[in-house]
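Visitor: Structure below; questions to follow.
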């Protein structure tokens, strides 16, 4: 009878599969999976354009199969990591390296370690730590729940050590920065649309925003990190090229930390904010900051000082608390302690 034939075939199939190795079984499953059958170049593109959580999920799918994402990633890891940074995280990488090219899996330069640690401290603050302890806003950092950090400093050290391996965890940290800055971008765009209403298309700000707002906010975020923030004395502050002419040390100190292009973008951001605050539609972008733009700049400097102070205070006993990450040298510790003395 047909039912007995079906049972016999099912029994034989199970017996055959029981005799297969894990790799052979995964190869058989992969052969019937459209995702696994995709050409290698398409798989590489998928990995390069996916977020880190998605990549990790793909790497866990049939990892032993000859056509798996896991095997392809192992074979082409350097090229894939480089493509991810180039396609989606190049601006965020500049926070760590300045203008230097990303080299995947290579030992990171010593000066990058401080930057990574400071980004970790900026992202993983007390509120975030308390949420992560309750299982909220984990974002995949604490995959092993039995080894959850007991203190905020333990959490920071754990993430810092993972990130400085220069692989997926470093890129995940940069994704965190991207997510935070994009959230600020969405809020600002909504605010500007409400301020300008139907007249917003008449302003120079519309075309400027499309290519510059995210980068401007990223530069602003970078300036809040102590290591990239204002030194006590201005260091060879470049010429302002006709833009903002303040001679106070705070303005020149910020100017000394930025490239010419970054400086111009920041000035445009200040002018755009001034237009929004005053609800004044400027059709042509001013060559120099308006009076309102100057006022916004002063407010920004005050907010910058406050943000830096909060971050340093959040480290416990000033910036010198940071080198509990053991690979920061004594010279670097002395440099940081001198540059950022204990905040009372």
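Numbering (the working numbering), first residue to last: 13 to 356. Cβ atoms here follow ideal geometry from the backbone N, Cα and C, with glycine treated the same way. Given the structure is predicted, the values throughout are model-derived calculations rather than measurements.
Cα-Cα, which of 309, 280, 285 is closest to residue 297?
Guide: Minimum Cα distance to residue 297 is reached at 280.
Visitor: What span of residues does the alpha helix (DSSP H) with residue 129 cover, start to end?
Guide: Note, residue 129: alpha helix (DSSP H), 122-135.
Visitor: Round the Cβ separation of residue 107 and residue 60 to the nearest angstrom and send it over; I've been treating them as touching at under 8 Å.
Guide: No, residue 107 and residue 60 are not in contact; Cβ-Cβ is about 21 Å, not under 8 Å.
Visitor: Please check the pair residue 136 and residue 160, which I expect to be a contact at CB under 8 Å, by giving their CB distance rounded to whole angstroms.
Guide: Not really, about 13 Å apart at Cβ, beyond 8 Å.
Visitor: Where residue 197 and residue 134 are concerned, what is the direct C-alpha to C-alpha distance, given to the nearest angstrom?
Guide: Cα to Cα, the separation comes out at about 18 Å.
Visitor: I need the DSSP call for residue 288, collapsed to helix, strand or coil.
Guide: Correct three-state label for residue 288: helix.
Visitor: Would you say the segment 83-103 touches the segment 205-218, given that touching needs at least three Cβ pairs under 8 Å?
Guide: The segment 83-103 is not in contact with the segment 205-218.
Visitor: Going along the chain, which residues of its own chain have a beta-carbon closer than 7 Å to the beta-carbon of residue 277, five neighbours each way excluded?
Guide: Answer for residue 277: 224, 227, 228, 231, listed in chain order.
Visitor: When the Cα atoms are used, what is the spatial distance from residue 222 to residue 68?
Guide: Rounded to whole angstroms, residue 222 to residue 68 spans 32 Å at the Cα level.
Visitor: So, is residue 251 buried or exposed, given that buried needs 16 or more other C-beta atoms within 10 angstroms?
Guide: Low confidence applies to residue 251: its pLDDT is 49, below 50, so where it sits in the model is not reliable, and the reading given next is rough at best. By the 10 Å Cβ count, residue 251 comes out exposed.
Visitor: Applying the 10 Å Cβ sphere with the 16-neighbour rule, what's the burial state of residue 244?
Guide: At residue 244, the pLDDT of 46 sits below 50, so the modelled position is not reliable; the number obtained from the coordinates is stated separately. Under this definition residue 244 is an exposed residue.
Visitor: For residue 313, which residues from the same chain have a beta carbon less than 8 Å from its beta carbon, with the 5 sequence-adjacent residues on both sides left out?
Guide: For residue 313, where only same-chain residues beyond five positions count, the Cβ hits under 8 Å are 262, 263, 266.
Visitor: Thinking C-beta only, is residue 219 closer than 8 Å to residue 293?
Guide: No.
Visitor: For the structure I just gave you, are there three or more beta carbon pairs, one from the segment 143-154 and one from the segment 94-101, closer than 8 Å?
Guide: Verdict: no, contact absent.
Visitor: Quick one: what does DSSP say residue 269 is sitting in, helix, strand or coil?
Guide: Coil.
Visitor: Quick one, which of 202, 211, 269 has its alpha-carbon nearest residue 235's?
Guide: Here the closest residue by C-alpha is 269.
Visitor: Between 130, 52, 115, which lies nearest to residue 237 when the distance is taken from Cα to Cα?
Guide: Of the candidates 130, 52, 115, the one whose C-alpha sits nearest the C-alpha of residue 237 is 130.
Visitor: Check for me: the alpha helix (DSSP H) holding residue 108 runs from which residue to which?
Guide: Note, residue 108: alpha helix (DSSP H), 102-109.
Visitor: Alpha carbon to alpha carbon, what distance is there between residue 165 and residue 145?
Guide: About 13 Å.
Visitor: Roughly how far, in whole angstroms, is the beta-carbon of residue 57 from the beta-carbon of residue 118, given that I think they are within contact range, below 8 Å?
Guide: So it is not a contact: roughly 24 Å between Cβ atoms.
Visitor: If I follow the unbroken alpha helix (DSSP H) through residue 191, where does it start and stop?
Guide: Unbroken alpha helix (DSSP H) run through residue 191: 180-208.
Visitor: Is residue 72 helix, strand or coil by DSSP?
Guide: If DSSP states are grouped into helix, strand and coil, residue 72 belongs with coil.
Visitor: Helix, strand or coil: which one does DSSP assign to residue 80?
Guide: In the structure shown, residue 80 sits in coil (DSSP, three-state: anything other than H, G, I, E or B).
Visitor: Buried or exposed: where does residue 148 fall if 16 or more other Cβ atoms within 10 Å of its Cβ makes it buried?
Guide: It counts as exposed.
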